[in-house]
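Have a look at the structure below, then the notes.
Residue numbers (the working numbering), protein chains in the order written: chain A, 1 to 319; chain B, 320 to 638; chain C, 639 to 957.
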């Protein structure tokens, strides 16, 4: 694997899921694979799971880890090409990336959507600079439009919880929120589910359809009850409007997932990428109930990251 | 040892002091005991000594260390049970703890008193959630009412400086400050001294008596000169009123420790947990004088932490 | 080497440059030299290259690394001797340093000029406290008046790019900026170039002459075109006025380095310590052009640090 920013960087999804599950059985099985190599974890935004799971995965592989909280620890970054930097920005992202090229064997970066300009977000104004200027493999720790290490952990978790022969029904449901939230987790989950052997539907209120470039031909149902019927897995996530970018059109029905809504399902397992706003996106009863596999999902972030780092190291070590 | 949040988690105080002193002689004697295990150091508040000494102790034991500055690096946490999270908080502490359960073999946490609500602080509103939800051993790096790793370091330091057969006289003296300060260090020191073979008294101005739940039958003297007489060890620390919670009733006498006040003592050794406000809590002359064992105390934070981590690892490795 | 804060701490500059170049060939050749020893990296200011390159250098030598972002992670520091600490400061720098003495085998510190008081900056009000109170070797990661690890990296880079017998002409040129910038990089470069076998000149607008204590007899030319003529290396850096401390007297000519200005040189290599304000200090075309050796310079920060850490470890290990 030469880089990891979308599902397209994976040659064989089933193979990498199996690999991650083998790593979960024996996390230290490749503990010197990364010896003498350095991964830079660059955070332009907050992180708990991604920060910790990436560090654990890297340590399990014997990689040196450099963590940079770019905003607090380094310099205010300029992102515009050709900018005359006579304002608040002190270092151009291009130069920061070139320096990371000199210091790291792998660069992993978290760069959220700004939620101001649809064009900038859709074009991945920050990640694209890493893809363009990095001379070492780039790994996304969530970008404006995708969160692929989360999605891989989601696929691992679904695989672990599939105990029947038939295809499971997987529903991605919109949830309420109080602020305009990015589309990355929703987009990414939609993209990866299309690569899995599942029946996948999305449900969200009108006005909240995700970008067609990610959802493609996936069925979108605007009635949550109808969508949840017979579901085996329900993925709960909020996002703001994509069409009317970052707007929050009024929603009259109550979309918060509750135990009552689970009754109509096939004892669906409930998933969420975390952090979650309890009693806004999900009720306490669901979060703390037996259907939740949310913490298992969080744990699988380690093995998702470790499988990807390991594949990247295979590529580096083969040179 | 299954957890470490109070002196009650110690089976035999003399034994663990001896163990810490053996570690001080040879800090790398158990350098692979923690191999393949991870300790998460979670800071909800500032830290210098605790941060560094815990990292050194963990590294000396071969533990992987994950440090999380929760406020700056992760998400704004909700602490209220059942909260409808439609405000500023992004992640519930319960969920953060459950995720730490997935990632760490040991969770260590610093969570100061808020100094707003006596009830919340007395009930350890944050640490109690860690004790309730953590599925791995929890270590306090100072909580609302106690600072046990400091107190253990204090016991080690007193032991190192006791060269006579007779019981030493140990005085905990209140010191001036400009802000309402928490009771954790005072409470904890009082609690631990009651387990040591020492004559222990507390001195503070009227209105500043510590919580009886910690001081129990310890003699409290409101006249500092009287209390300091013949002292072998003087522990200097400020705290605000406990009865009139977080208030700072006026104090007319000068309680700042000076060389003059030491004259009446048995060449008392002076202790402080640091950070100290020079020339407010203690004079420069005392801080920089021959009676101070304050930096030795700071150094012993390493061996205090390492002895505790080692005991916790014994428990984990025996499973 | 007992400490490293100026060029005077180097016994033989050519030897240490050679050592750094050997390390660059084989960075892991001394990978257990620092085993069981701890370096504390204390940042009182922002850092990207220094932070990451110091960590890599330390890891390459097997050192344990403790990083402390003092302002954000620990306590607000007092710097004034004898201060009555009844204001905003919580811990005296003396006490923080004494604690670091207990925890670290080497202390490295970044402490920029405050740019308020010429006297405080010239007297190195912060670094001098480390030099006075540290009982272990002190390494400057840039102080008020010098940036020696940068200067050593600059010497390494110039050495790598000298392919002719004759002495190269090296020009330090002032560049425009929008804020009053410290003199540390300029001072330091001037100081180190006087130890190298090069023809060295400085060019800056009138009113911007650096401190004579650093530039000594080096020729200062106020006409940039004249200075750049036949240059082999051009070091670009802004600084504010030293005489009228931190002022920014008006400059009428355009001092930003462009390709046009390079025409008059001997295909000069262009250097900058980074971060750089593009199109203010340097044009994009120079930054991204073939003459730039700026990223190579950034990479050499690793080997500069590693050579110095290695020399310090030789001293420690010989005790």
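Cβ coordinates follow ideal geometry from the N, Cα and C atoms, glycine included.
With a Cβ-Cβ cutoff of 8 Å, do residue i and residue j count as a contact?
{"i": "residue 233 (chain A)", "j": "residue 269 (chain A)", "result": "yes"}
{"i": "residue 571 (chain B)", "j": "residue 494 (chain B)", "result": "no"}
{"i": "residue 576 (chain B)", "j": "residue 601 (chain B)", "result": "yes"}
{"i": "residue 1 (chain A)", "j": "residue 293 (chain A)", "result": "no"}
{"i": "residue 703 (chain C)", "j": "residue 679 (chain C)", "result": "yes"}
{"i": "residue 39 (chain A)", "j": "residue 357 (chain B)", "result": "no"}
{"i": "residue 518 (chain B)", "j": "residue 590 (chain B)", "result": "no"}
{"i": "residue 180 (chain A)", "j": "residue 246 (chain A)", "result": "yes"}
{"i": "residue 61 (chain A)", "j": "residue 309 (chain A)", "result": "yes"}
{"i": "residue 76 (chain A)", "j": "residue 89 (chain A)", "result": "yes"}
{"i": "residue 492 (chain B)", "j": "residue 546 (chain B)", "result": "yes"}
{"i": "residue 508 (chain B)", "j": "residue 470 (chain B)", "result": "yes"}
{"i": "residue 456 (chain B)", "j": "residue 582 (chain B)", "result": "no"}
{"i": "residue 781 (chain C)", "j": "residue 746 (chain C)", "result": "no"}
{"i": "residue 897 (chain C)", "j": "residue 928 (chain C)", "result": "no"}
{"i": "residue 28 (chain A)", "j": "residue 355 (chain B)", "result": "yes"}
{"i": "residue 933 (chain C)", "j": "residue 99 (chain A)", "result": "yes"}
{"i": "residue 16 (chain A)", "j": "residue 307 (chain A)", "result": "yes"}
{"i": "residue 730 (chain C)", "j": "residue 711 (chain C)", "result": "no"}
{"i": "residue 619 (chain B)", "j": "residue 476 (chain B)", "result": "yes"}
{"i": "residue 278 (chain A)", "j": "residue 404 (chain B)", "result": "yes"}
{"i": "residue 503 (chain B)", "j": "residue 464 (chain B)", "result": "yes"}
{"i": "residue 220 (chain A)", "j": "residue 194 (chain A)", "result": "no"}
{"i": "residue 936 (chain C)", "j": "residue 102 (chain A)", "result": "yes"}
{"i": "residue 249 (chain A)", "j": "residue 207 (chain A)", "result": "yes"}
{"i": "residue 112 (chain A)", "j": "residue 58 (chain A)", "result": "no"}
{"i": "residue 914 (chain C)", "j": "residue 815 (chain C)", "result": "no"}
How many Å lie between residue i and residue j at the Cα?
{"i": "residue 459 (chain B)", "j": "residue 196 (chain A)", "result": "44 Å"}
{"i": "residue 127 (chain A)", "j": "residue 120 (chain A)", "result": "11 Å"}
{"i": "residue 9 (chain A)", "j": "residue 800 (chain C)", "result": "43 Å"}
{"i": "residue 244 (chain A)", "j": "residue 114 (chain A)", "result": "15 Å"}
{"i": "residue 267 (chain A)", "j": "residue 205 (chain A)", "result": "23 Å"}
{"i": "residue 748 (chain C)", "j": "residue 658 (chain C)", "result": "22 Å"}
{"i": "residue 45 (chain A)", "j": "residue 171 (chain A)", "result": "28 Å"}
{"i": "residue 18 (chain A)", "j": "residue 165 (chain A)", "result": "17 Å"}
{"i": "residue 231 (chain A)", "j": "residue 148 (chain A)", "result": "23 Å"}
{"i": "residue 6 (chain A)", "j": "residue 168 (chain A)", "result": "23 Å"}
{"i": "residue 893 (chain C)", "j": "residue 798 (chain C)", "result": "27 Å"}
{"i": "residue 744 (chain C)", "j": "residue 701 (chain C)", "result": "10 Å"}
{"i": "residue 224 (chain A)", "j": "residue 203 (chain A)", "result": "6 Å"}
{"i": "residue 756 (chain C)", "j": "residue 386 (chain B)", "result": "38 Å"}
Residue range of the alpha helix (DSSP H) that residue i falls in?
{"i": "residue 620 (chain B)", "result": "613 to 636"}
{"i": "residue 415 (chain B)", "result": "412 to 422"}
{"i": "residue 122 (chain A)", "result": "118 to 122"}
{"i": "residue 641 (chain B)", "result": "Any answer about residue 641 (chain B) is impossible in this case: the structure gives chain B only from 320 up to 638."}
{"i": "residue 398 (chain B)", "result": "Counting along the chain, residue 398 (chain B) falls outside any alpha helix (DSSP H), and DSSP gives it neither H nor E."}
{"i": "residue 147 (chain A)", "result": "Looking at the DSSP string, residue 147 (chain A) is not in any alpha helix (DSSP H), and its letter there is neither H nor E."}
{"i": "residue 316 (chain B)", "result": "Summary: the structure shown does not reach residue 316 (chain B), with chain B confined to residues 320 through 638, and so no result is reported for it."}
For the beta strand (DSSP E) containing residue i, list its first residue and its last residue.
{"i": "residue 778 (chain C)", "result": "776 to 778"}
{"i": "residue 388 (chain B)", "result": "383 to 388"}
{"i": "residue 109 (chain A)", "result": "106 to 110"}
Less than 7 Å separating the Cβ of residue i from some heavy atom of the ligand ATP?
{"i": "residue 745 (chain C)", "result": "Absence of the ligand ATP is noted for the structure shown, with no ligands found whatsoever."}
For the putative contact between residue i and residue j, defined by C-beta atoms under 8 Å, what is the C-beta separation to the nearest angstrom?
{"i": "residue 211 (chain A)", "j": "residue 242 (chain A)", "result": "5 Å"}
Uninterrupted beta strand (DSSP E) stretches inside the region 477 to 520 of chain B (no shorter than 3 residues): 488 to 493
Beta strand (DSSP E) runs contained entirely in the region 324 to 375 of chain B, provided each spans 3 or more residues: 357 to 362
Secondary structure, beta strand (DSSP E): runs of 3+ residues fully inside the region 527 to 591 of chain B: 538 to 540, 552 to 556, 588 to 590
Members of the region 342 to 369 of chain B that neighbour chain D once the beta carbon cut-off is set at 8 Å: The chain labelled as chain D is not found among the protein chains of the depicted structure, namely A, B and C.
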